[in-house]
Amino acid sequence: MDSDELIARLARDAKPVRRLAPPWQGALAWLALAALFMAGVVAVAGLRHDLGARLGLMTEQLNLAFAAATAVLAALGAFHLARPDGDARWAWAPVAPALGWLAGMGAGCLGEIWRGGLAMGTSFECARFILGFGVPLTLSMLWMVRHAALTRPVEVAALAGLAASALAAVGLALVHHLDAAAMVLVWHGGSVVLSVWVARRWGARALAAMGPKLPSV
Amino acid sequence: MLASAFDGMDMAAEQPATDARDARWAAWMVAVQAGDNQAYDRLLRDCLPQIRAVVRARVRNAADAEDAVQDTLLTLHALRHTYDPQRPFKPWLNAIAERRAIDRLRRLSKHSRRESALDDAPEQGTPAVGSARLEAAELRAAVAELPESQRTALRLAKLEERPLKEAAQISGLSVGALKVATHRAVAALRAKLGGRDGQR
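So the sequence lines, in the order shown, correspond to chains A and B.
All the letters of the first sequence, read from the start, carry residue numbers 1 to 217 under the working numbering.
All the letters of the second sequence, read from the start, carry residue numbers 1 to 200 under the working numbering.
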């Protein structure tokens with residue numbers, strides 16, 4: 001079939017379509033969904049008993065703010081990049097707060113060493129929480145940006161994974177008692193890195209399964 | 001607040017379209033999103049040279065480039081709901097065309113890697129070697145079906161070319177019986193293999 005004939009066929013099939021909402025609206029809708037999900041988890045698990053004291057600490061406030069900013073900017077970035085003409089620089093949007101977050105966790109480790117040694121152990125509960133919370137949130141975002149399947153699936157999927165897992169880490173800080181900085185770095189940071197890697201590796205396939213297919217003409 | 005800080009990155013892209021052609025395309029696209037068939041036909045025909053220019057800057061081969069152009073048209077159709085009329089049309093169109101051109105190049109490079117891998121693969125035997133192997137297998141199967149005495153006689157008298165007396169001693173048969181067994185074995189093989197041995 002030549003291109004003229006293809007154009008004639010596509011034009012015949014021009015059904016009305018609902019225009020996509022602006023990226024900020026998409027991100028806001030997803031964040032609202034995530035907040036609802038997190039509220040449900042908090043309702044079931046209960047807030048950590050020393051939350052008030054922890055939130056009084058400057059370092060804790062900074063870490064939470066950086067994690068939340070990482071989540072918000074990664075979500076905005078994913079919704080912007082999912083459009084064919086989205087600015088490619090949005091992929092870098094969450095990098096600065098993510099580095100700030102990482103630096104905060106690293107500084108906590110240095111403080112522990114200074115005070116007399118790192119407390120290290122396993123906390124599979126953290127990984128389970130971040131992955132258990134992050135996977136459905138990632139999938140829900142991939143569904144909302146499924147049109148990216150035909151343009152930038154890998155970058156969008158990685159940003160979705162980062163947004164979801166960073167938000168999960170914020171949620172985890174509200175319910176789970178874990179103060180040892182090295183453990184936070186390894187188990188929170190590690191789970192976030194794992195989530196982004198998984199999303200980057202398989203997210204494009206998930207998007208392709210959910211996203212629009214090229215019409216057969 | 002954070003969002004507005006990053007929205008600044010798109011300032012250039014969000015400038016209202018000044019180019020008359022872009023404005024025309026954007027207006028048609030708005031009509032297309034509302035389901036206007038005629039506007040769609042006009043839009044696609046009008047922007048076809050632009051799609052071709054973007055694709056041909058990357059894909060040299062004319063036939064491959066035209067495939068990428070058609071992929072672009074199909075993608076544009078599938079993603080027509082993602083166009084925002086507040087933004088210029090051309091960057092949206094170019095981004096889709098570039099993506100499909102890159103995909104086409106990737107596919108072509110994968111295909112050529114597969115072909116060169118096949119070219120470099122060692123030969124798995126010529127047809128002549130293959131048919132010789134087949135005949136040898138048939139011969140082995142035919143020999144295996146012979147009675148034990150005939151198989152032994154054939155091996156000693158024909159393959160190992162031993163003198164009759166020695167072959168008779170090894171097999172425990174008389175010289176006469178060995179001769180008969182050998183003769184029957186050859187006759188049986190000739191009958192089974194259609195006399196091909198004799199023709200060679």
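All residues carry an ideal CB built from backbone N, CA and C; glycine is no exception.
Nearest CB-CB separation between A:Thr-70 and chain B: not below the 8 Å threshold. With contacts defined as CB atoms closer than 8 Å, A:Pro-84 and A:Thr-151 qualify as a contacting pair.
Cβ neighbours of B:Arg-56 within its own chain (closer than 6 Å, five residues either side excluded): Ala-65. Between A:Leu-162 and A:Val-196, the gap from beta carbon to beta carbon is short of 8 Å. Nearest to A:Ala-209 by C-alpha distance, out of A:Ala-157, A:Val-41, A:Ala-149, is A:Ala-149. With fewer than 16 other CB atoms across the displayed protein chains lying within 10 angstroms of its CB, B:Asp-19 is exposed.
Counting other Cβ atoms within 10 Å of its Cβ, B:Gln-150 reaches 16 or more and is therefore classed as buried. Taking CB atoms only, A:Pro-16 has a neighbour in chain B less than 8 Å away.
A:Val-175 is the residue among A:Leu-207, A:Arg-200, A:Val-175, A:Trp-187 whose C-alpha sits nearest the C-alpha of A:Ala-43.
When secondary structure is reduced to three states using DSSP, A:Ala-74 falls in the helix class. Residue-level contact check: B:Gln-33 touches chain A, since one or more beta carbons of chain A fall below 8 Å from its beta carbon.
For a cut-off of 8 Å, the C-beta gap from B:Val-69 to B:Arg-52 is around 6 Å, short enough to register as a contact.
Against A:Pro-215, the close residues of chain B are Leu-74, His-77, Ala-78, in the order they occur along the chain (beta-carbon pairs closer than 9 Å). Within its own chain, the residues whose Cβ lies closer than 7 Å to the Cβ of A:Trp-101, once the five positions on either side in sequence are excluded, are Asn-63, Phe-66, Ala-67, Thr-70, listed in chain order. Pairing B:Leu-146 with B:Ala-188 gives a Cβ-Cβ distance under 8 Å. Rounded to the nearest angstrom, the Cβ distance from A:Gly-77 to A:Leu-137 is 15 Å, too far for a contact under 8 Å. Between B:Thr-72 and B:Ala-97, the CB-CB gap stays under 8 Å. B:Leu-48 and B:Trp-25 have their alpha carbons spaced roughly 12 Å apart. If you look at B:Gln-86, you'll find it isn't in any alpha helix (DSSP H); DSSP assigns it neither H nor E.
A:Val-17 sits in coil when the DSSP states are folded into three classes, being neither helix nor strand. Proximity to A:Ser-191 across A:Val-170, A:Gly-211, A:Leu-10 peaks at A:Val-170, based on C-alpha coordinates.
Relative to B:Leu-139, the option among B:Arg-106, B:Arg-21, B:Val-186 whose CA is nearest is B:Val-186. Of all residues in the stretch 86-103 of chain B, the ones placed with a Cβ closer than 7 Å to any Cβ belonging to chain A are Arg-87, Pro-91, Trp-92, Ala-95, Ile-96, Arg-99, in chain order. At least 8 Å separates the CB of B:Asp-19 from every CB of chain A.
In the structure shown, B:Asp-103 adopts helical secondary structure according to DSSP, grouped into three states. Within the same chain, and ignoring the five residues on either side of A:Ala-127 in sequence, the residues whose Cβ sits closer than 8 Å to its Cβ are Trp-187, Gly-190, Ser-191, Leu-194. Comparing alpha-carbon positions, the option among A:Arg-9, A:Pro-22, A:Pro-153, A:Ala-157 lying closest to B:Tyr-83 turns out to be A:Pro-22. Fully enclosed alpha helix (DSSP H) runs of no fewer than 4 residues occupy 153-175 of the stretch 136-176 of chain A, in order along the chain. If one requires a minimum length of 4 residues, the alpha helix (DSSP H) runs lying completely within the stretch 143-182 of chain B are 148-154, 164-171, in chain order.
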